[in-house]
Amino acid sequence: MNTLTARQRWTGLAVLVLAVTVVALDATVLSLAIPSISETLRPSGTQLLWIGDSYSFVLAGLLVSMGALSDRIGRKKLLLAGSAAFGAASLLAAYAPSPGWLILARALLGVAGATIMPSTLSLIRGLFPDDRERATAIGIWGAAATAGAALGPVVGGVLLEHFWWGSVFLMNIPVLLLLLVSGAWLLPESKDPKPGRWDLLSVLLSLAGVIGPVYAIKEAAAHGVDRWDVPVTFLAGGAALFLFVRRQLRLETPLLDVRLFRDRRFTAAVSASLISLVGLSGVIFVVSQYLQLVRGYQPLQAGLAELPAFAGSVAGGLLTARIARRFGARKSLTVCLLAMGLGVGALGWLEQDTTYLVLAASFLLTGTAEGVVYTLGADLVLSAAPADKAGAASAVSETAYELGTALGIALVGSVVGSIYANGLAVPAGTDPAAAATAGESLGSAVETAQGLPAELAQPLLASARTAFVHGMNSAGLLAAALLAGAAVMTWRLLRGRSTPAADPEGVGTESPVRPKADAR
4 MNTLTARQRW TGLAVLVLAV TVVALDATVL SLAIPSISET LRPSGTQLLW IGDSYSFVLA
64 GLLVSMGALS DRIGRKKLLL AGSAAFGAAS LLAAYAPSPG WLILARALLG VAGATIMPST
124 LSLIRGLFPD DRERATAIGI WGAAATAGAA LGPVVGGVLL EHFWWGSVFL MNIPVLLLLL
184 VSGAWLLPES KDPKPGRWDL LSVLLSLAGV IGPVYAIKEA AAHGVDRWDV PVTFLAGGAA
244 LFLFVRRQLR LETPLLDVRL FRDRRFTAAV SASLISLVGL SGVIFVVSQY LQLVRGYQPL
304 QAGLAELPAF AGSVAGGLLT ARIARRFGAR KSLTVCLLAM GLGVGALGWL EQDTTYLVLA
364 ASFLLTGTAE GVVYTLGADL VLSAAPADKA GAASAVSETA YELGTALGIA LVGSVVGSIY
424 ANGLAVPAGT DPAAAATAGE SLGSAVETAQ GLPAELAQPL LASARTAFVH GMNSAGLLAA
484 ALLAGAAVMT WRLLRGRSTP AADPEGVGTE SPVRPKADAR
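In the working numbering, the protein residues as written are 4 to 523.
Below, the structure is given as structure tokens:
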């Protein structure tokens, strides 16, 4: 692929940007549709969380496996196959007749998405062998990924203004058709020349090792640790993860070379991406409901209200290379994690009637900082990994991103749900069944109030909105604390030399995040 012309390389990048935008968009486009889904499918509070995060759970659990598979069978081939499967799963989601079917469809979207994300980043490694060109390409790729996630609510708002909630999935179809045609024509193939076998046991262990602990954390946050399945699934997942690591150390051709984590750049980048998304994704999931169900915004208005996050993420991704060259990876990552914490933490003081300017400033600051963190983290991961393992290494970066998204929705969403349920005061005289429904979620309370007389509906709505805002305040402060902790950890991990040849700041002369000398 090194003989490609500049035009071929950048045209190929455009195709990869299209692919990553679709997957990132799908992770957040559903957020504004939650009230509409609640009204139509009537999911329980737990089902609502699963609708939100089943996509990211499965995506995170399979990314490492699919990244290694792309190294073996070909990155272009897996990208195109995954795109076709993504389209089929989108159709199923759009016409899901019940909450269970929608959760299943979202999980299948996660399976398909897991084949797309690592393929895009590893193909960039082959398309752009030059350090500076690759840094610019990854900046554009990162901007597309973060912008796709930030643009999701805007696109969802436009569609929901005119169509039913299933339209947020149908929009994928024409984009994926374009991706299949242009990708087959423009993208060159690449794979590991000596891939070895694809170890199925490692695949199963990695899946269990990711989903088990995440499921336990989600259920513990929602229902407490008294349920027997919480410690059992946590311990089972932890054991699977331990066995996975041991097996990778013994295999001649491991699914994931866990020795990559000996490089502090690699570990810092993966950890920063994971923790930053835990804070960010959970807050986005909650704020989308706040805008519609508390402030009374229409879907399109709510999507436009989140537009500053989109603008900031694009700017942050595109400016990453320049920022890292000027300040170094260590300072850039640390400061941007702190900036994210400041932006998200501002939500801890929001009230029902807080001026929108506070929200806009929070969105802009958080989006810009996240654009830098995500893009710089991806470049650090690729710089630390051998070229023939680009798929597996980039899959680790994407796993951190998606696992952070899933954990954020599960943890933050469960915290908000718990505070909401405990803080809701149902007016005396309300039917017990209606009161139970209202306690499931804010969306359920709004729907329940529509069937009650005014003297009961108004106090119920006021209490529900107050309880939800209190939960959102706690979520914002929790996310800010996580991001501050991530900043401290990143500063410590990138201190000194991560490898004998590495630059202390993680910045080399040829790439904003690559060491000055590389043993490879």
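C-beta atoms are modelled at their ideal positions from N, C-alpha and C, and glycine is treated no differently.
Do residue j and residue i have their beta-carbon atoms positioned less than 7 Å apart in this structure?
i    : j    : result
S68  : S209 : yes
V286 : Q355 : no
G169 : A324 : no
Q92  : A117 : Residue 92 is actually Ala in this sequence, not Gln. No, the Cβ-Cβ distance between A92 and A117 is not below 7 Å.
E192 : G331 : no
V171 : A36  : yes
R262 : L496 : no
F237 : A211 : no
A403 : L258 : no
A102 : L52  : What sits at residue 102 in the sequence shown is Pro, not Ala. In this structure, L52 does not lie closer than 7 Å to P102 by Cβ.
L28  : G155 : yes
S284 : G411 : yes
M120 : V26  : yes
L367 : A342 : no
P430 : P462 : yes
G479 : V347 : yes
V157 : L362 : no
To the nearest angstrom, how far is it from the Cα of residue i to the Cα of residue j?
i    : j    : result
A522 : F471 : For A522, the predicted model reports a pLDDT of 29, less than 50, meaning its position is unreliable and no value from the coordinates is stated.
L189 : T139 : 20 Å
A187 : L81  : 11 Å
S95  : A308 : Rather than Ser, the amino acid found at residue 95 in this sequence is Leu. About 30 Å.
W167 : M492 : 44 Å
L345 : L481 : 12 Å
A349 : G474 : 14 Å
A441 : G159 : 25 Å
L360 : L303 : 18 Å
G90  : P456 : 44 Å
V18  : T123 : 9 Å
A490 : G85  : 35 Å
S477 : V418 : 8 Å
G446 : S291 : 12 Å
R253 : L246 : 11 Å
G529 : L111 : Residue 529 lies beyond the stretch modelled for the chain, which goes from 4 to 523, so this question has no answer here.
V384 : A97  : 35 Å
Y377 : W144 : 10 Å
S57  : G374 : 24 Å
W201 : L207 : 12 Å
A271 : A223 : 28 Å
G15  : R265 : 33 Å
I54  : A99  : 11 Å
F269 : A381 : 9 Å
Q50  : S41  : 10 Å
P46  : V235 : 26 Å
W231 : L83  : 42 Å
L21  : S276 : 22 Å
T502 : R12  : Residue confidence is low: T502 scores 37 on pLDDT, short of 50, so the model does not pin down where it sits. Its coordinate-derived value is still stated next. Rounded to the nearest angstrom, the two C-alpha atoms are 31 Å apart.
E450 : A428 : 16 Å
T357 : Y423 : 19 Å
D229 : D133 : 55 Å
D74  : W494 : 32 Å
P38  : V217 : 25 Å
A243 : L181 : 39 Å
If contacts are defined as beta-carbon pairs under 8 Å, then residue i and residue j qualify, I think. What distance do you get, rounded to the angstrom?
i    : j    : result
A372 : G319 : 6 Å
F60  : I214 : 6 Å
A452 : A439 : About 14 Å; that fails the 8 Å criterion.
A327 : G370 : In fact, because the Cβ distance is near 18 Å, the residues do not count as touching under 8 Å.
S487 : G351 : It should be pointed out that residue 487 corresponds to Ala in this sequence rather than to Ser. With a Cβ gap of about 13 Å, A487 and G351 do not count as contacting.
V289 : G416 : 7 Å
V23  : A147 : 5 Å
Q301 : E443 : Rounded, the Cβ-Cβ distance is 23 Å, inconsistent with contact.
I204 : R250 : Reading the sequence as shown, one finds Leu at residue 204 and not Ile. Right, their Cβ atoms sit about 7 Å apart.
L183 : A87  : 6 Å
- Does the region 124-132 touch the region 102-110, meaning 3 or more C-beta pairs lie closer than 8 Å? no
- Item | Stretch-stretch touch, CB-based, cutoff 8 Å, three pairs: the region 457-470 with the region 320-340 | no
- Which runs of the alpha helix (DSSP H) fall wholly inside the region 447-503 and span at least 4 residues, in chain order? 457-496
- Can you list, in chain order, the stretches of the beta strand (DSSP E) that have 3 or more residues and sit fully within the region 208-242? none
- For the region 353-381, which segments carrying the alpha helix (DSSP H) assignment without a break, of at least 4 residues, lie completely within its bounds, in sequence order? none
- Message: Could you tell me which whole beta strand (DSSP E) segments of length 3 or greater appear in the region 169-207?
- Response: none
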